[in-house]
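Participant: Right, I'll just put the structure down here and ask away after.
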Amino acid sequence: MQPKTSNHLNAILQNLPSIDEVLRSLTARRIALDAGERQTAKMVRRATEELRQEFRSNSNGDQGKEELLVLTTDRLDRIWRAEQAAGTRRVINATGVVIHTNLGRSPLSELAREAVQNAAGYCSLEYDTGRRQRGRRGQRVEELMAELTGVEDVLIVNNCAAAAFFVLSVFAAGGEVVISRGELVEIGGDFRVPDVLAQSGATLCEVGTTNRTKVSDYEKAIGSETRLILRVHPSNYKIVGFTASPDLPELATLAHKHGLLLYEDIGSGALIDLSRIRLIDEPIVGRSIADGADIVTFSGDKLLGGPQSGIIAGKKEHIDRLRSHPLYRALRVDKLAYAALEGTLNSYSRDEAFSEIPVLRMMSASKSDINDRATRFIGRLAGKTSAGRLDLALIDGVSAVGGGAAPAVHLETVLIGLTHPELSVRRLEESLRKSDPPVICRIVDDRVMIDLRTVAETEEELVLNIIATLN
Ligand SMILES: *Cc1c(COP(=O)(O)O)cnc(C)c1O
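For the sequence shown, this note's numbering assigns the number 35 to the initial residue and increments by one for each residue that follows.
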């Protein structure tokens, strides 16, 4: 590249439009309708500054004033589009990972969405409209959850990590917590059982080995400092082969014999038997309690299929102690989470969880259900003329439960594989990801794969139209 003379550069820089000129352009007027004057002016300054920098560092152009104005408004438009794409926005999950942590974990049910909408304004969060007096926040949803799980009482906090931290802080700080070495797990990067324990002020007392721990290992470790026995469901991995760990009732007997609490963190939070979708290894909240756990914690947005929240279930005396603890105020949830949870639980009460809760509905779809949808989808796509150049194929594959639950379960599915004669798979994937709304897909075996398991039927038309305009 030829270094330019400073005269040449100065001429270009001088011909760059002024901020006011750009602001008067049609592009800027259109953007200002959505972004407002101040934000638009900020983006215009950024656009001109970027171009100025670029001309300084490398330019041999000889654009005139008009061309420079077009360059600037194009840049402005690009900045605005990036700005719009930056926030939290709706996406279509075509990955087949049902509880997708990066995509907001569980999508809310229709009932939960309606409940959030209703609670968004003033609502009866802490008001008893029947009696014209103050009510307890969360009471209804806590009662509903207690009823569904068969526990005495329930308390809702911000997420399961907060629930675990809270329980350990209140019941074990200053003392020892006995846990099997096989359960010192890390769940999703920043939730590590040993770290949470340390933060809570309790001391870890690890027993047994990674693959085998016996009741006698626990018993030997119990001393005067022991406060509770902790069992953690190793949600996101599975040890197979030569393994052993005591049943929950055995642990409960041991804990209670020594006057200790048995606390189980089950994480994934199945409220009902999920064996019909082959999630046989997932602990069920009610069963843990029936088996003798004094306190159980789990997430609201994993297998339960609700909003981010942590549920603490157990005996009334323990839950009461948590509810009146000063730390509770810092960990409690807002009205939107209560509303969403209540909407979600209503589907369980009505025995409609498998049809109304999106994660359960998606996981229960059979391979042949998805095959039918995928076949129809391809047929409809072929009917859209502009999609004629895409190569479409139905391919057997697997979807995943995700969210650190049921790592060993593979849900058989049928994928729609896309390739294009001129676009590389990477470009194809990128175009889908940058569409509006973004369609997030996997790339497998040199094809872009769409798994309809995680695409709602009501979203299919949208995906069809996006694919049809890919050319
Ligand atoms: C997922 C999980 C957590 C963390 O739950 P969040 O709701 O994400 O805070 C804690 N414990 C176990 C066993 C889990 O599976």
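The C-beta atom is built at its ideal place from N, Cα and C for all residues, glycine as well.
Starting from H444, trace the beta strand (DSSP E) both ways and give me its first and last residue.
Facilitator: Position 410 of the sequence shown, counting from 1, holds the residue named residue 444. Per DSSP, H444 belongs to the beta strand (DSSP E) from 444-453.
Participant: Just tell me which of G437, R90, D406 has its CA closest to the CA of L429.
Facilitator: Here residue 429 corresponds to residue number 395 of the sequence shown, with the count starting at 1. According to the sequence shown, residue 429 is Ile rather than Leu. The candidate whose alpha carbon is nearest that of I429 is D406.
Participant: Taking 8 Å as the threshold, find out whether the stretch 78-88 comes into contact with the stretch 427-445 through three or more Cβ pairs.
Facilitator: no
Participant: Buried or exposed for A119, going by 16 or more other Cβ atoms inside 10 Å?
Facilitator: Reading the sequence shown from its first residue, position 85 is the one you call residue 119. Counting Cβ neighbours within 10 Å, A119 comes out exposed, since fewer than 16 surround it.
Participant: Report yes if the C-beta distance between H352 and I318 is below 8 Å; otherwise report no.
Facilitator: Working through the sequence shown from its first residue, we reach residue 352 at position 318. Working through the sequence shown from its first residue, we reach residue 318 at position 284. In this structure, I318 does not lie closer than 8 Å to H352 by Cβ.
Participant: Leaving out the 5 sequence neighbours to the left and right, which residues in its chain are closer than 7 Å to G235 when beta-carbon positions are compared?
Facilitator: As a position in the sequence shown, residue 235 is number 201, starting the count at 1. So the list reads S203, A207, G208, once near-sequence residues are dropped.
Participant: Would G339 pass as a contact of S469 if the rule is Cβ separation under 8 Å?
Facilitator: By 1-based counting over the sequence shown, the position of residue 339 is 305. By 1-based counting over the sequence shown, the position of residue 469 is 435. Not closer than 8 Å, so no.
Participant: Taking the alpha helix (DSSP H) that Y252 falls in, what are its first and last residues?
Facilitator: Translated into the one-based positions of the sequence shown, residue 252 becomes position 218. Y252 -> alpha helix (DSSP H) spans 249-255.
Participant: Are the beta-carbon atoms of S343 and V367 separated by less than 8 Å?
Facilitator: Stepping through the sequence shown from its first residue, residue 343 is reached at position 309. Stepping through the sequence shown from its first residue, residue 367 is reached at position 333. Taking 8 Å as the Cβ cut-off, S343 and V367 qualify as a contacting pair.
Participant: Could you please give the first and the last residue of the uninterrupted alpha helix (DSSP H) stretch that includes G377?
Facilitator: As a working note, residue 377 is residue 343 in the sequence shown. Looking at the DSSP string, the run of the alpha helix (DSSP H) that includes G377 is 369-383.
Participant: Nearest-angstrom Cα distance between Y297 and E144?
Facilitator: In the sequence shown, the residue the question calls residue 297 occupies position 263. In the sequence shown, the residue the question calls residue 144 occupies position 110. So the two alpha carbons sit approximately 33 Å from each other.
Participant: Given the structure, does G301 come close to ligand 1, in the sense that its CB is under 7 Å from one of the ligand's heavy atoms?
Facilitator: As a first step, residue 301 is located in the sequence shown; it is residue number 267 there, counting from the start. Correct: G301 has its Cβ closer than 7 Å to ligand 1.
Participant: Where does Q233 fall in DSSP's three states?
Facilitator: Your numbering for residue 233 matches position 199 in the sequence shown. In the structure shown, Q233 sits in a helix (DSSP, three-state: H, G or I).
Participant: Using alpha carbons as the reference points, say which of K99, R58, W114, V78 lies closest to D68.
Facilitator: The residue you call residue 68 lines up with position 34 of the sequence shown. Ranking the options by Cα distance to D68, first place goes to W114.
Participant: For P471 and G155, I'd like the C-alpha separation in whole angstroms.
Facilitator: On the sequence shown, residue 471 is found 437 positions in, with the first residue counted as 1. On the sequence shown, residue 155 is found 121 positions in, with the first residue counted as 1. Cα to Cα, the separation comes out at about 27 Å.
Participant: With a 10 Å radius around its C-beta and 16 neighbouring C-beta atoms as the bar for buried, classify H267 as buried or exposed.
Facilitator: Numbered from 1 along the sequence shown, position 233 holds the residue referred to as residue 267. Buried, because 16 or more other Cβ atoms sit within 10 Å of the Cβ of H267.
Participant: How long is the line joining the alpha carbons of Q36 and S91, rounded to whole angstroms?
Facilitator: Counted from its first residue, the sequence shown places residue 36 at position 2. Counted from its first residue, the sequence shown places residue 91 at position 57. Caution is warranted here: a pLDDT of 49 is assigned to Q36, below 50, making its placement in the model unreliable, and no coordinate value can be reported.
Participant: What's the call for S381, buried or exposed, on a 16-neighbour Cβ count within 10 Å?
Facilitator: For the purposes of this step, residue 381 is identified with residue 347 of the sequence shown, where counting begins at 1. Per the 10 Å Cβ criterion, buried.
Participant: Do I346 and ligand 1 come close, with the Cβ less than 7 Å from some heavy atom?
Facilitator: Sequence index remark: in the sequence shown, residue 346 carries index 312 (1-based). Incorrect: I346 has no Cβ contact closer than 7 Å to ligand 1.
Participant: Give me the DSSP bridge partner(s) of C239.
Facilitator: Taking the first residue of the sequence shown as position 1, residue 239 is located at position 205. Per DSSP, V212.
Participant: CB A81 to CB R64, shorter than 8 Å?
Facilitator: In the sequence shown, counting from the first residue as 1, residue 81 sits at position 47. In the sequence shown, counting from the first residue as 1, residue 64 sits at position 30. Against a cut-off of 8 Å, the Cβ pair of R64 and A81 comes out as no contact.
Participant: For H134, count neighbouring C-beta atoms within 10 Å of its own C-beta (all shown protein chains included) and say buried if the count is 16 or more, exposed if not.
Facilitator: By 1-based counting over the sequence shown, the position of residue 134 is 100. So H134 counts as buried.
Participant: Measure the alpha-carbon distance for P360 versus I190 and round it to whole angstroms.
Facilitator: The residue given as residue 360 occupies position 326 in the sequence shown. The residue given as residue 190 occupies position 156 in the sequence shown. Looking at the two C-alpha atoms, the distance is approximately 15 Å.
Participant: Keeping to the same chain, check which residues put their C-beta closer than 6 Å to that of L218; ignore five residues upstream and five downstream.
Facilitator: Indexing the sequence shown from 1 puts residue 218 at position 184. Taken in chain order, the residues that qualify are V227, P228.
Participant: Taking DSSP as the reference, what is the three-state secondary structure of F225?
Facilitator: Within the sequence shown, numbered from 1, the residue matching residue 225 stands at position 191. Looking at F225 - three-state DSSP - the assignment turns out to be strand.
Participant: I'd like to know whether the C-beta atoms of T510 and V131 end up nearer to each other than 8 Å.
Facilitator: It is not possible to answer for residue 510, since the shown part of the chain is limited to 35 through 505.
Participant: Count the other C-beta atoms from every protein chain shown that fall within 10 angstroms of the C-beta of I273, then say buried if there are 16 or more, exposed otherwise.
Facilitator: Working through the sequence shown from its first residue, we reach residue 273 at position 239. Burial call: exposed.
Participant: What does the Cβ neighbour count give for S402, buried or exposed, with the cut at 16 atoms within 10 Å?
Facilitator: Within the sequence shown, residue 402 is the residue found at index 368, counting from 1. So S402 counts as exposed.
Participant: Residues in its own chain within less than 8 Å of D510 by CB, not counting five upstream and five downstream?
Facilitator: The question about residue 510 has no answer here: the residues shown for the chain are numbered 35 through 505.
Participant: Output needed for A439: all residues of its chain with C-beta closer than 7 Å, excluding positions within five of it in sequence on either side, in chain order.
Facilitator: In the sequence shown, the residue the question calls residue 439 occupies position 405. The residues are I133, S269, S302, E316, K336, L337.
Participant: In whole angstroms, what separates the C-alpha of I311 from that of V393?
Facilitator: Within the sequence shown, numbered from 1, the residue matching residue 311 stands at position 277. Within the sequence shown, numbered from 1, the residue matching residue 393 stands at position 359. Roughly 11 Å separates the two Cα atoms.
Participant: Of the residues V201, D307, F388, which one's Cα is nearest the Cα of A347?
Facilitator: Your numbering for residue 347 matches position 313 in the sequence shown. When each option's Cα is compared against that of A347, the closest is V201.
Participant: Between the alpha carbons of L379 and G216, how many angstroms are there, rounded?
Facilitator: Counting from 1 along the sequence shown, the entry for residue 379 is found at position 345. Counting from 1 along the sequence shown, the entry for residue 216 is found at position 182. Rounded to whole angstroms, L379 to G216 spans 33 Å at the Cα level.
Participant: Do I46 and G95 have their CB atoms nearer than 8 Å?
Facilitator: On the sequence shown, position 12 is the one that residue 46 refers to. On the sequence shown, position 61 is the one that residue 95 refers to. Contact flag set, yes.
Participant: Using a 10 Å radius around the Cβ and a threshold of 16 neighbouring Cβ atoms, would you call A232 buried or exposed?
Facilitator: Mapped onto the sequence shown, residue 232 falls at position 198. Looking at its Cβ environment, which holds fewer than 16 other Cβ atoms inside 10 Å, A232 is exposed.
Participant: Buried or exposed: which applies to S40, given that a residue is buried once 16 or more other Cβ atoms fall within 10 Å of its Cβ?
Facilitator: As a first step, residue 40 must be located in the sequence shown, where it is residue number 6. With fewer than 16 other Cβ atoms within 10 Å, it is exposed.
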